[in-house]
Amino acid sequence: MVLGLQRFKKNNYTLFVGGFFIGSIVEYVISWIGEILFDIKWWDYSNIPFNIHGRICILFSIFWGILAIYLMTHIHPKIDCLLDKVSPKKVKIISIILVLFMFLDCLVTGFALKMFFTRLVNENHLELQGVGAYLKEYTQLYENENVKNIVDKFFSDETMLKTFPNIKVTGKEGNIILVRDILTDIQPYYVRIFTPSRMQNQIIE
Numbered sequence: 018m019v020l021g022l023q024r025f026k027k028n029n030y031t032l033f034v035g036g037f038f039i040g041s042i043v044e045y046v047i048s049w050i051g052e053i054l055f056d057i058k059w060w061d062y063s064n065i066p067f068n069i070h071g072r073i074c075i076l077f078s079i080f081w082g083i084l085a086i087y088l089m090t091h092i093h094p095k096i097d098c099l100l101d102k103v104s105p106k107k108v109k110i111i112s113i114i115l116v117l118f119m120f121l122d123c124l125v126t127g128f129a130l131k132m133f134f135t136r137l138v139n140e141n142h143l144e145l146q147g148v149g150a151y152l153k154e155y156t157q158l159y160e161n162e163n164v165k166n167i168v169d170k171f172f173s174d175e176t177m178l179k180t181f182p183n184i185k186v187t188g189k190e191g192n193i194i195l196v197r198d199i200l201t202d203i204q205p206y207y208v209r210i211f212t213p214s215r216m217q218n219q220i221i222e
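Positions 18 to 222 (the numbering used here) are the ones given, in order, by the sequence shown.
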């Protein structure tokens, strides 16, 4: 966001426009990557007006615009001042460590999600799109006692659902399923408020 907004720093109006479009692009790409790499939907705006493929919508794009203003006028200048006090060599080292950490986090997240879906499918007898490519392999892996103990300890259903409370999967017929509607015995960390009429299936958190 910071790099993309450099050309929009003229005033708050241009920052809003830049944030509106750049934030939307980033959000769309991240959603698309989640579906391609992890076979999941991080979020789904299909029921919100003016959405594109359920990945972005005009309402949240407006929020991106507002965030861009605050990011560039308040947050980023403070971070710049902090970095000015640190030597370039240390900044480089810290940056490399953070990038490696994020890469490792992506690998662990991918593994955890696939094990989670494998367990979800096998224990609930589900037929889902996107899991067939790795289901057999990960089922065999999960049958290993050592792997099972580690997965159940660190990536339990409760841990995964509370980490990704809005996680969705796609059923065999193409229907979108909220995982929390399958694992109903797990209490969320937020209060659910159901909205009436046509949006009764949406949950405001």
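Note that CB positions come from ideal geometry on N, CA and C, so glycine has one too.
> From what residue to what residue does the beta strand (DSSP E) around Ile14 run?
Replying inline: Lying before the first or after the last residue shown, residue 14 is absent from the chain, which here runs from 18 to 222.
> Cα separation between Asn141 and Thr90?
Replying inline: For the purposes of this step, residue 141 is identified with residue 124 of the sequence shown, where counting begins at 1. For the purposes of this step, residue 90 is identified with residue 73 of the sequence shown, where counting begins at 1. Whole-angstrom Cα-Cα distance: 49 Å.
>> Check whether the region 38-55 and the region 77-88 touch, using three or more Cβ-Cβ pairs below 8 Å as the test.
In response: Under the three-pair Cβ rule at 8 Å, the region 38-55 counts as touching the region 77-88.
>> Within 10 Å of its beta-carbon, does Ala150 have 16 or more other beta-carbons around it, so buried, or fewer, so exposed?
In response: For the purposes of this step, residue 150 is identified with residue 133 of the sequence shown, where counting begins at 1. Exposed: under 16 other Cβ atoms inside 10 Å.
> Buried or exposed: which applies to Val180, given that a residue is buried once 16 or more other Cβ atoms fall within 10 Å of its Cβ?
Replying inline: Position 163 of the sequence shown, counting from 1, holds the residue named residue 180. The question names Val, but residue 180 in the sequence shown is Thr. Thr180 should be labelled exposed.
> Cα-Cα, which of Leu54, His93, Gly35 and Ser173 is closest to Leu137?
Replying inline: Indexing the sequence shown from 1 puts residue 137 at position 120. A check of alpha carbon separations from Leu137 across Leu54, His93, Gly35 and Ser173 identifies Ser173 as the nearest.
> Got a sec, what are the start and stop residues for the alpha helix (DSSP H) Thr156 sits in?
Replying inline: Here residue 156 is taken as the residue at index 139 of the sequence shown, counted from 1. Taken as a continuous stretch (DSSP letters only), the alpha helix (DSSP H) holding Thr156 covers Gly149 to Tyr159.
> Nearest to Ile184 by alpha carbon, out of Tyr155, Leu158 and Arg197?
Replying inline: Working through the sequence shown from its first residue, we reach residue 184 at position 167. Ranked by Cα distance from Ile184, the first of Tyr155, Leu158 and Arg197 is Arg197.
>> If I measure Cβ to Cβ from Arg72 and keep anything under 6 Å in the same chain, skipping five residues before and after, which residues do I get?
In response: Within the sequence shown, numbered from 1, the residue matching residue 72 stands at position 55. Within its own chain, the residues whose Cβ lies closer than 6 Å to the Cβ of Arg72, once the five positions on either side in sequence are excluded, are Tyr45 and Ser48, listed in chain order.
>> Can you list, in chain order, the residues of its chain with a C-beta nearer than 8 Å to that of Ala85? Leave out the 5 residues immediately preceding and following it.
In response: Along the sequence shown, one-based indexing puts residue 85 at 68. Counting only residues of its own chain and dropping the five nearest sequence neighbours on each side, Ala85 has a CB closer than 8 Å to the CB of Met18, Leu22, Phe25, Leu32, Phe33, Gly35, Gly36, Phe37, Ile39 and Gly40.
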